Amino acid sequence: MAGKQDRVGLGMLLMLGAYLLFAATDTSVKWQVTAGVGAFQLAFARYGVQFALSLATSGHPSRFFGSVTRRQAQLLALRAALLVTSTISNFIALRYLTLTVTSAIMFSSPFIVCFLAVPMLGERIGPWRWSAIAIGFVGVMFVVRPFGEEFHWAALLSLYNAFALAMFSIITRMLSGEVSTGVMQATAGLSGTVVLLPFAVWTWQPIGGVADWVLFLGIGLTAWIGHECFARAHRYAEVSFLMPLSYSYLIFMSVAGWLFFGNVADAMTFTGAGIIVISGLIIWWREKRPVPPKILP
Numbered sequence: 000m001a002g003k004q005d006r007v008g009l010g011m012l013l014m015l016g017a018y019l020l021f022a023a024t025d026t027s028v029k030w031q032v033t034a035g036v037g038a039f040q041l042a043f044a045r046y047g048v049q050f051a052l053s054l055a056t057s058g059h060p061s062r063f064f065g066s067v068t069r070r071q072a073q074l075l076a077l078r079a080a081l082l083v084t085s086t087i088s089n090f091i092a093l094r095y096l097t098l099t100v101t102s103a104i105m106f107s108s109p110f111i112v113c114f115l116a117v118p119m120l121g122e123r124i125g126p127w128r129w130s131a132i133a134i135g136f137v138g139v140m141f142v143v144r145p146f147g148e149e150f151h152w153a154a155l156l157s158l159y160n161a162f163a164l165a166m167f168s169i170i171t172r173m174l175s176g177e178v179s180t181g182v183m184q185a186t187a188g189l190s191g192t193v194v195l196l197p198f199a200v201w202t203w204q205p206i207g208g209v210a211d212w213v214l215f216l217g218i219g220l221t222a223w224i225g226h227e228c229f230a231r232a233h234r235y236a237e238v239s240f241l242m243p244l245s246y247s248y249l250i251f252m253s254v255a256g257w258l259f260f261g262n263v264a265d266a267m268t269f270t271g272a273g274i275i276v277i278s279g280l281i282i283w284w285r286e287k288r289p290v291p292p293k294i295l296p
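Everything in the sequence shown is counted per numbering that gives the first Met the number 0, starting at 0 for the first residue and increasing by one.
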């Protein structure tokens, strides 16, 4: 298995593809929740299908986990726990907070990544990358507009969600090149399947026809492919470089809302989306600039 590589352009494309697939997953979830399917049932499908596909594409479980060291196993367990607990905390927070507030808090994760990437990964964060992240966050504020909302204790759960996403990305970068994406997929899928199974059984709603089953199982398929792209992107580029591209998720969701639910984005949303694109272009421009040769004494 190839180790970490410096292929920033490919990492960018994979990261954008991952968030496009995540947007497809969440659009399908919204469609089915509106139709009366339980949220925990959908979350179980997301992890269960991911786990099944991971095993199906990676061979026998003994070969699958045989080469994992103790340190890698610990990091994999922590990575899976962060993903599952962030999902659960998000479910609880959404009972009390609007989607606007939870989204705004979640998108603070790039700042958390930049703070943590320095001591944990030894990455150097320059002023241009900090500026691009800040510009992207301003764009998010234009889109979600979380102004005037009263503080609620559940906001702390959303803050944990942002922290968990940041740590999840950092650990993914630490494991990339050492552990296959299949192992990462399987450990996360297994953890989510086991934890969410009781909740899914308790709230299970009957699934309708073939089209409904395709949508239901498609949640896990798009999530699985998305996480494949996500993990591989971290093999080709630094996590602090990739995280600002998470803002593209808002653009994809705006388009999906217009196509499938008739939600036309207003001027503020378009303005925010433009700012988000500018933040990504700033990073791309800096990465494409040639590095001047060093003059030796």
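We put the CB at the ideal spot given by N, CA and C, even for glycine.
Small disclaimer: the values here were computed from a predicted structure and weren't measured.
| query | result |
| --- | --- |
| Touch check for the segment 228 to 236 and the segment 159 to 175: three-plus C-beta pairs under 8 Å? | yes |
| Quick one, which of Phe50, Leu241 and Gln31 has its alpha-carbon nearest Gly196's? | The sequence given here places Leu at residue 196; Gly does not occur at that position. Answer by Cα proximity: Phe50. |
| What are the start and end residues of the alpha helix (DSSP H) that includes Thr68? | Segment: none, Thr68 is in no alpha helix (DSSP H) and carries neither H nor E. |
| Residues in its own chain within less than 6 Å of Met14 by CB, not counting five upstream and five downstream? | Ala232, Leu241 and Leu244 |
| Taking 8 Å as the threshold (C-beta atoms), are Ala44 and Ile218 in contact? | yes |
| So is Met267 buried or exposed if we call it buried at 16+ other beta carbons inside 10 Å? | exposed |
| Would you mind working out which of Val137, Pro205 and Ala154 sits nearest Ser278, comparing C-alpha positions? | Val137 |
| Near Ala92, which residues of its chain fall below 6 Å by C-beta distance, leaving aside the five closest residues on each side in sequence? | Thr101, Ala153, Leu156 and Ser157 |
| Apart from the five residues on each side of it in sequence, which residues of its chain come closer than 6 Å, Cβ to Cβ, to Val67? | none |
| If the criterion is Cβ atoms closer than 8 Å, does the pair Ser190 and Ala79 meet it? | yes |
| Can you give the beta carbon distance from Thr84 to Ala199, rounded, assuming they're within the 8 Å contact cut? | In fact, because the Cβ distance is near 17 Å, the residues do not count as touching under 8 Å. |
| Taking DSSP's pairing of strands, which residues face Val178 in a bridge? | Ser175 |
| Work out the CA separation of Gly37 and Trp129 for me, nearest whole Å. | 40 Å |
| Near Gly273, which residues of its chain fall below 8 Å by C-beta distance, leaving aside the five closest residues on each side in sequence? | Gly138 |
| Give, in chain order, every unbroken run of the alpha helix (DSSP H) that is at least 4 residues long and sits entirely within the segment 188 to 216. | none |
| What separation, rounded to the nearest whole angstrom, lies between the Cα atoms of Gly35 and Pro118? | 45 Å |
| When the Cα atoms are used, what is the spatial distance from Tyr246 to Val194? | 29 Å |
| For Ala236, collect the residues of the same chain with a Cβ closer than 6 Å to its Cβ; drop the 5 residues on either side in sequence, then sort them by chain order. | Val7 and Gly10 |
| Just verifying my parser: in three-state terms, what is the DSSP assignment at Asn262? | coil |
| Using CA coordinates, which residue listed in Thr24, Ala210 and Val48 is at the minimum distance from Gly188? | Val48 |
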